[in-house]
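I have placed the structure first, in the form of structure tokens, so that the comments after it can refer back to it.
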Amino acid sequence: MSGLLALINSSDEDFDKLTDSIKNCMGASEKMAEIRLDNLEGDVTLFKSALEGAQIAISDKLTPVLRNLVEKATDWLPTVQDKLLSAIDVVMDIGKYLAQELTPILSSIGKSVLPIIKDVLKSAKAIIEQLVPVIKNIWKFAEPVFKIVVDTIDLIVEYLPTLLQDVLDFIDPLNLIHKETSQVSEEYLKMADRRKCHNPRPNSTC
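Under the working numbering, the first residue of the sequence shown carries the number 11, and numbering increases by one thereafter.
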């Protein structure tokens, strides 16, 4: 309060000096701020400030548009809700109608078809009951034959290697005889050729 009274009671010259001092102080503050921001940390601070300004500017531009969209969507939702409820009511009415109209038809079809199915099952059961004894009797006669066939196959499979070996043992002497016979034939032909050369005939090649 005393400072304010001193300021009021001061002369114009003192007031001008105070004003200049305040201006000089503001200029010094600005220079100090510039010096403090003249580095990486200052650049980051300036970038953050610019980003915040951009966010504010974009928000100012988009806010009216977004509010308009939200308001229209809010006004539109009751209409959509009514239409969906109306569609659901229509589907339910159709379902009820089909159930009421088709139930007697399906019941009638069931009453007509079920006896037929029961008769078919009874007939199938009777046929199976008649076939089972027949199949059993056939198997009584076929089982020994089947057993003989199976035993024969097992016997063949068991003795097949031995049989093949016997056949090979029988063929080997035949091959030896054939080989010996071929050699004898060759020797005979050579002897015949030598005799022809010892007793040459006219026009002989010896």
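For each residue, glycine too, the CB sits at the ideal point set by N, CA and C.
Just so it is clear, the structure is predicted and the values come from calculations on it, not from any experiment.
Keeping to the same chain, check which residues put their C-beta closer than 8 Å to that of residue i; ignore five residues upstream and five downstream.
| i | result |
| --- | --- |
| Ile127 | none |
| Lys146 | none |
| Ile137 | none |
What is the rounded straight-line gap between the Cα of residue i and the Cα of residue j?
| i | j | result |
| --- | --- | --- |
| Ala83 | Leu76 | 10 Å |
| Glu81 | Glu51 | 43 Å |
| Tyr107 | Val101 | 10 Å |
| Leu173 | Val155 | 25 Å |
| Phe57 | Leu79 | 32 Å |
| Ser195 | Ile187 | 12 Å |
| Lys71 | Val54 | 26 Å |
| Ile148 | Leu141 | 10 Å |
| Leu199 | Gln193 | 10 Å |
| Asp157 | Leu165 | Per the sequence shown, the amino acid found at residue 157 is Lys instead of Asp. If you take the alpha carbons of Lys157 and Leu165, they lie about 12 Å apart. |
| Ser96 | Ala134 | 53 Å |
| Pro143 | Gly120 | 35 Å |
| Val177 | Phe151 | 37 Å |
| Ile115 | Val130 | 23 Å |
| Thr89 | Leu124 | 50 Å |
| Pro183 | Glu168 | 26 Å |
| Ile66 | Leu94 | 40 Å |
| Trp86 | Ser117 | 46 Å |
| Val159 | Glu153 | 10 Å |
| Thr191 | Ile181 | 15 Å |
| Asp161 | Asp179 | 27 Å |
| Asp103 | Thr73 | 45 Å |
| Ser69 | Ala109 | 57 Å |
Exposed or buried, residue i, counting other C-beta atoms within 10 Å across all chains shown (16 or more means buried)?
| i | result |
| --- | --- |
| Met11 | Bear in mind that the predicted position of Met11 carries a pLDDT of just 46, short of 50, making it too unreliable to give a figure here. |
Near residue i, what residues of its chain come up, given a Cβ to Cβ distance below 6 Å and the 5 sequence neighbours on each side ignored?
| i | result |
| --- | --- |
| Ile163 | none |
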